[in-house]
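Each residue of the sequence shown is one higher than the last, beginning at 12 in my numbering. Even glycine gets a Cβ: it sits at the ideal position worked out from N, Cα and C. Report on the following structure.
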Amino acid sequence: MATHPLWSDDYWLPLLQLYLKKPEGMKPMYSRALVNLSLELHIPPRTLYGQLFRLRQRATPVLNLIWDTYGENPRRLNRDVKKLRSMKGFGQPREFYDGVKTNETFEHDFLPLECCHELRPFMLVMILDLYFRLTPVTMTAETPEVRELAKRMGIKPKTVVEAMETFQLCDPYLNRDGLMASPLLPSCQEIWNRYGNGNPEKLSALAAQLREYFD
């Protein structure tokens with residue numbers, strides 16, 4: 012069964028390498044290692060997570076053969092993955108898969124913002140989740156929740172505050188004017204349009220998963 016237009020059975024090898032990485036086993040969907048592999052292959056983390064589960068289950072004869080060949084031979088696996096990565100076309104869908112259209116939203120979400128390289132769109136999702144848990148008066152660098160989130164993401168609390176202040180411009184209930192608009196506004200507006208008017212429980216669940224990137 013096809014899982015993604017860019018999927019190739021060759022990708023089972025780097026996926027097995029990821030699975031065997033200590034601690035061995037399933038990796039969180041938004042763990043940094045899985046996201047980095049997703050960016051390399053141009054395949055969404057959710058798809059790779061599903062494939063990782065199939066790999067663990069040894070769901071097909073091909074997967075059984077891969078386990079038998081590489082499961083107890085990490086040196087051979089590492090060598091063959093290195094060889095695979097050196098092949099022309101690996102991780103280059105535009106060149107190698109001419110005419111195949113893919114949804115690259117997830118890649119955009121994990122790449123730095125042009126206006127603020129220390130922030131990425133998925134981090135704005137986490138900040139938006141906290142935004143809905145605070146009131147405007149508590150959206151300060153001194154608030155413990157703000158400091159904790161900033162520490163987890165490896166950024167300054169004032170950067171979290173700036174993003175929250177920008178989200179206030181997107182919030183129709185606050186009716187803020189644009190006089191204090193920041194360079195973050197287009198990115199914050201995009202995230203608000205995707206999640207700001209949706210189910211807060213779904214946003215909270217997604218933000219909790221995204222925290223795994225920083226574990």
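Burial state of residue i, where buried means 16 or more other Cβ atoms lie within 10 Å
i: residue 98; result: exposed
i: residue 38; result: buried
i: residue 218; result: buried
i: residue 92; result: buried
i: residue 56; result: buried
i: residue 184; result: exposed
i: residue 148; result: exposed
i: residue 130; result: buried
i: residue 76; result: exposed
i: residue 111; result: Low confidence applies here, because residue 111 scores a pLDDT of 47, under 50, leaving its location unreliable and the question unanswered by this model.
i: residue 212; result: exposed
Inter-residue CB distance, residue i and residue j (contact presumed, cutoff 8 Å)
i: residue 73; j: residue 20; result: 7 Å
i: residue 196; j: residue 177; result: 6 Å
i: residue 137; j: residue 222; result: 7 Å
i: residue 121; j: residue 163; result: No, residue 121 and residue 163 are not in contact; Cβ-Cβ is about 16 Å, not under 8 Å.
i: residue 31; j: residue 95; result: About 16 Å separates the two Cβ atoms, so there is no contact after all.
i: residue 139; j: residue 207; result: 7 Å
i: residue 3; j: residue 58; result: Given that the chain is displayed from residue 12 to residue 226, the structure contains no residue 3 and the question cannot be resolved.
i: residue 179; j: residue 187; result: 5 Å
Proximity of residue i and residue j at Cβ, strictly below 9 Å
i: residue 214; j: residue 174; result: no
i: residue 132; j: residue 54; result: no
i: residue 63; j: residue 17; result: no
i: residue 171; j: residue 152; result: yes
i: residue 82; j: residue 27; result: yes
i: residue 117; j: residue 49; result: yes
i: residue 90; j: residue 80; result: no
heavy atom of the ligand NAD below 8 Å from residue i C-beta
i: residue 26; result: Absence of the ligand NAD from the depicted structure is noted, as is the absence of any ligand whatsoever, leaving it without description.
Unbroken stretches of the alpha helix (DSSP H), 4 residues or longer, contained in the stretch 115 to 154 = 116 to 120 and 132 to 142
request  = Pair every Cβ in the stretch 149 to 156 with every Cβ in the stretch 116 to 135, then say whether three or more of these pairs are closer than 8 Å.
outcome  = no
ask   = At which residue ranges does the stretch 165 to 192 contain complete beta strand (DSSP E) runs of 3 or more residues, listed in the order of the chain?
value = none
In chain order, each alpha helix (DSSP H) run of at least 4 residues that lies wholly inside the stretch 29 to 63 = 43 to 52
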